[in-house]
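Number of protein chains: 2
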Amino acid sequence: MSKNPQIPALVTTQPCLSPVDIPKLQSVCSACSLRELCLPAGLDTKELAQVDRMVNRRQPVKRGDYLYRAGATLRSLFAIRTGFMKSSVLHEDGREQVAGFHMMGDLLGLDAISTGQHMCDTLALEDSEVCEIPFAVLEELSREIPSLQQHFHRIMSREIVRDYGVMLLLGSMRAEERLAAFLLNLSQRFAARGYSSLEFNLRMTREEIGSFLGLKLETISRVLSHFQNEGLVEVRNKRIRIANIDALRTLVSQQT
Amino acid sequence: MSKNPQIPALVTTQPCLSPVDIPKLQSVCSACSLRELCLPAGLDTKELAQVDRMVNRRQPVKRGDYLYRAGATLRSLFAIRTGFMKSSVLHEDGREQVAGFHMMGDLLGLDAISTGQHMCDTLALEDSEVCEIPFAVLEELSREIPSLQQHFHRIMSREIVRDYGVMLLLGSMRAEERLAAFLLNLSQRFAARGYSSLEFNLRMTREEIGSFLGLKLETISRVLSHFQNEGLVEVRNKRIRIANIDALRTLVSQQT
DNA sequence: CGAACCCTTGAGTCGGTTCAAAGCAGGTGG
DNA sequence: CCACCTGCTTTGAACCGACTCAAGGGTTCG
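Chains A and B supply the protein sequences, listed in that same order.
Here the first sequence is numbered in my numbering, starting from 243 and rising by one per residue.
Here the second sequence is numbered in my numbering, starting from 243 and rising by one per residue.
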């Protein structure tokens, strides 16, 4: 993985492609399997067509490339079509905090609406494809289509709720609980996308998990080993199988 | 302070008052000193009048009362007119995590848009007044007034950015850094509202600060004493004076 | 004026970090 | 196709920052 931090953001440094400039691919929103997870959830056929016209589809982002960097001007939001990404905020002194991991259907860039500049780095952890949604057009369209407006608000609010959950995790859970909650969250998100909820690949390193959970990579490794010894999971490198999901759930809601 | 957790939410259990039912008070948005911090920032006179018609002003919330409880149906957002509040998320096992403290001009209830139900408890830490903004009307009006729409989006995004900052704090700062960052944040917010940035009252208890910062109340007390011994602050009960703001700033951006 | 709540401080403990070393996997170039 | 090399992971031992438990004093508000 080329993790050179000098690499400029792939997409935001280019001007936003105009929808008419690029050939339409078959994967329009109306035919997209992620539709009900993504921005156009709940729209009717005519509204979907309007959204289709707005979206620049299937922009590739290579593993190790940034979708955008902190400080870049907001032009578009991005929906992940395929792949896996992480967002992280940088402290002035260089410390990095992973703020979230993203997968298909997730809408990225919401942090940039506040100031018009992205406030975090978002990096592809595997080769990915994103749909680009010019933000100005989205605002315009959501004035015309109430159900689009409503769903966009819900998505922003959902991100706030997710953040509260992360605060709870970081502020009041112990290492084992944090990791259990993390695995259950991944499990549930894979399930919602039609993948196995009990066996999947961790796309991120132990260090990235640790950064997200406020722990060191050695702690992640130790707790995973411990879970394995207890028969809660089977770990083999990045591959993980949840062997006893109920025990994990008990761990999370356990009294300290 | 009556902290009886059985008390139902003050406002959300009542039906939303219709704007025509209540007499208009003088404190319309157009005359409100918080206008530029609050929802109607950047609107012109005519747009302000439209917003004025939507808002139910000056609903009192007594110290110790809940503005809303987790699980309550979303009817309205609330803007704090005067006072001070905290929001907290509850873990199933009873652990509480304070997710934020709110003061005049802050817009509350954004977490509830996601599911239509509030996801946290919000409680007044001192006698307060809020302006009630029926959410359905806000969505409608923000379709008509682009600059209102834009500003509402910015406010939601700003909350997401704030949350990322809290994650950074909880995930990668040590106790002293967390408390320094907390004090600087309060200082900056008071300054933005025209109050002293160097001397103010902590409206919350040490325990609530601790919950927010992922620390125990004893740690808060110890670190405050330590800051005082170092000449960074002067503490006398809830009253705090920042004696060396540069030293606090250095602390926050310090290499570990 | 009393009672409940809040705050401070000390001593001992512990969960997670730090530092260190070794093993492993996957990708690259010869 | 194999060997190397780099980055990732595991595990151990020692350490330390924050927690726990406990006691005492202070403040606030009904």
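Built from N, CA and C at the ideal position, the CB exists for glycine as well.
Length of the line joining the Cα atoms of residue i and residue j
i	j	result
Ser-438 (chain B)	Ser-438 (chain A)	55 Å
Arg-483 (chain A)	Arg-491 (chain A)	15 Å
Gln-391 (chain A)	Leu-352 (chain A)	14 Å
Glu-339 (chain A)	Gln-359 (chain A)	Rather than Glu, the amino acid found at residue 339 (chain A) in this sequence is Gln. Spanning the two alpha carbons is a distance of roughly 19 Å.
Arg-311 (chain A)	Glu-419 (chain B)	26 Å
Leu-279 (chain A)	Leu-316 (chain A)	23 Å
Glu-386 (chain B)	His-395 (chain B)	14 Å
Ala-321 (chain A)	Leu-285 (chain B)	31 Å
Met-398 (chain B)	Arg-431 (chain B)	17 Å
Gln-301 (chain B)	Gln-292 (chain A)	41 Å
Ser-453 (chain A)	Leu-426 (chain B)	24 Å
Val-408 (chain A)	Gly-407 (chain B)	12 Å
Phe-442 (chain B)	Lys-480 (chain B)	8 Å
Val-494 (chain A)	Ala-422 (chain A)	6 Å
Leu-349 (chain B)	Glu-289 (chain B)	19 Å
Cys-373 (chain A)	Ser-414 (chain A)	36 Å
Phe-469 (chain A)	Leu-281 (chain B)	48 Å
Ala-341 (chain A)	Glu-381 (chain A)	25 Å
Ile-375 (chain B)	Leu-383 (chain B)	11 Å
Arg-277 (chain A)	Val-465 (chain B)	50 Å
Leu-410 (chain A)	Thr-461 (chain A)	19 Å
Phe-424 (chain B)	Thr-287 (chain A)	49 Å
Met-327 (chain A)	Ile-487 (chain A)	25 Å
Leu-440 (chain A)	Ala-417 (chain A)	21 Å
Asp-405 (chain A)	Glu-401 (chain B)	10 Å
Leu-309 (chain B)	Val-379 (chain B)	20 Å
Buried or exposed (CB count within 10 angstroms, at least 16 for buried), residue i
i	result
Ser-275 (chain A)	exposed
Pro-388 (chain A)	exposed
Asn-298 (chain A)	buried
Asp-307 (chain B)	buried
Glu-450 (chain B)	buried
Gly-325 (chain B)	buried
Ala-273 (chain B)	exposed
Ser-467 (chain B)	exposed
Glu-472 (chain A)	exposed
Pro-250 (chain B)	Only weak support is given to the placement of Pro-250 (chain B): the predicted model assigns it a pLDDT of 43, under 50, and the value that follows is read from those uncertain coordinates. Exposed.
Asp-263 (chain B)	Bear in mind that a pLDDT of 45 at Asp-263 (chain B), under 50, signals an unreliable position, so the number given afterwards is only what the model happens to contain. Exposed, because fewer than 16 other Cβ atoms sit within 10 Å of the Cβ of Asp-263 (chain B).
Beta-carbon gap between residue i and residue j smaller than 7 Å
i	j	result
Asp-294 (chain A)	Val-331 (chain A)	no
Glu-371 (chain B)	Arg-337 (chain B)	no
Phe-377 (chain A)	Leu-319 (chain A)	yes
Ala-354 (chain A)	Val-303 (chain A)	no
Ser-329 (chain B)	Thr-364 (chain B)	yes
Gly-456 (chain B)	Leu-428 (chain B)	no
Arg-478 (chain A)	Ser-463 (chain A)	no
Glu-368 (chain A)	Arg-445 (chain A)	yes
Val-475 (chain B)	Ala-489 (chain B)	no
Met-296 (chain A)	Val-403 (chain B)	no
His-393 (chain B)	Ala-283 (chain B)	yes
(request) Name, going along the chain, the residues of the region 401-433 of chain A whose beta-carbon falls closer than 7 Å to a beta-carbon of chain B. (result) Glu-401, Ile-402, Val-403, Asp-405, Tyr-406, Val-408, Met-409, Leu-410, Leu-412, Gly-413 and Ser-414
(message) Which residues of the region 325-338 of chain B have a Cβ closer than 7 Å to any Cβ of chain A? Give them in chain order.
(response) Val-331, His-333, Glu-334, Asp-335 and Arg-337
(message) Between the region 420-439 of chain B and the region 341-348 of chain B, can you find at least three pairs of beta-carbon atoms closer than 8 Å?
(response) yes
(request) Give, in chain order, every residue of the region 437-460 of chain B whose Cβ lies closer than 9 Å to some Cβ of chain A. (result) Ser-453, Phe-454, Leu-455, Gly-456 and Leu-457
(message) Under 9 Å, CB to CB, which of the residues in the region 459-490 of chain A have a partner in chain B?
(response) none
(request) Anything in the region 340-352 of chain A with a Cβ closer than 7 Å to a Cβ of chain B? List those residues in chain order, please. (result) Ala-341 and Leu-352
(message) Against chain A, which members of the region 372-383 of chain B pass a CB distance test of less than 7 Å?
(response) Glu-381
(message) By the 9 Å beta-carbon criterion, what residues does the region 278-301 of chain A contribute toward chain B?
(response) none
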